[in-house]
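The next block holds one structure in the form of structure tokens; read it before the comments.
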Amino acid sequence: MRIVVDDLSGPEIAEFLEEHVRQMRSITPLESKHALDLDALRRPDVTFWSVMDGGDVVGCGAIKRLDASHAELKSMRTSTVRKRSGIASRLLGHIIAEAERMGFTRLSLETGSDDFFLPARRLYEKYGFEYCEPFEEYRPDRNSVFMTRALGPATGA
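Mind the numbering: the sequence shown is residues 1 to 157 in full-length UniProt numbering, read in order.
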């Protein structure tokens, strides 16, 4: 397996992300869906990684620059058939390290409050994310929870 910066031009990643959006729409009300589409993920303020196993996309994740010191974790996903296989942990560790390398000192995220998202919330907790108030342009939403963590040498990332 390898984690690569992806320019989102390949049909494999487009299909992978379309499956993600379909799944989120089936779980989360439209007004609470915050997944970025392909055009938004291609913006210059977003860095996107794909996890590749041979020629197959098995995971993805991104960070969106909010300001010089704060980034948001976006589009974390593991393929359905590869859940609970360590891909998400490996990718999250990689993204945290890359965010620190890019000079960010805080990484925040929004995820679902539904039980479906419990494994994701536990993973984020394991990596030092703590629950917080909505950030940036988010507003309180019963379908969302917000998490954040400090980055840098003092955090032991």
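Beta carbons: idealized from backbone N, C-alpha and C, even for Gly.
From a predicted model like this one, the values you see are computed outputs, not experimental measurements.
- When C-beta atoms of the region 47-66 are compared with those of the region 112-121, fewer than three pairs fall below 8 Å, so the two segments do not count as touching.
- Collapsing the DSSP output to three states places Y131 in a strand.
- By a beta-carbon distance limit of 8 Å, Y127 does not contact L73. Their separation comes to about 10 Å.
- If you look at D6, you'll find it isn't in any alpha helix (DSSP H); DSSP assigns it neither H nor E.
- Excluding the 5 residues flanking it on each side, E19 has no same chain C-beta neighbour closer than 6 Å.
- Among the bridge pairs identified by DSSP, T148 is matched with S108, E130.
- DSSP, reduced to helix, strand and coil, places E98 within a helical segment of the structure shown.
- Secondary structure at A68: coil, using DSSP grouped into helix, strand and coil.
- Short of 7 Å from the beta carbon of S89, and not among the five residues preceding or following it, lie these beta carbons of its own chain, in chain order: L123.
- Fewer than three pairs of CB atoms, one per stretch, sit closer than 8 Å, so the region 52-61 makes no contact with the region 99-113.
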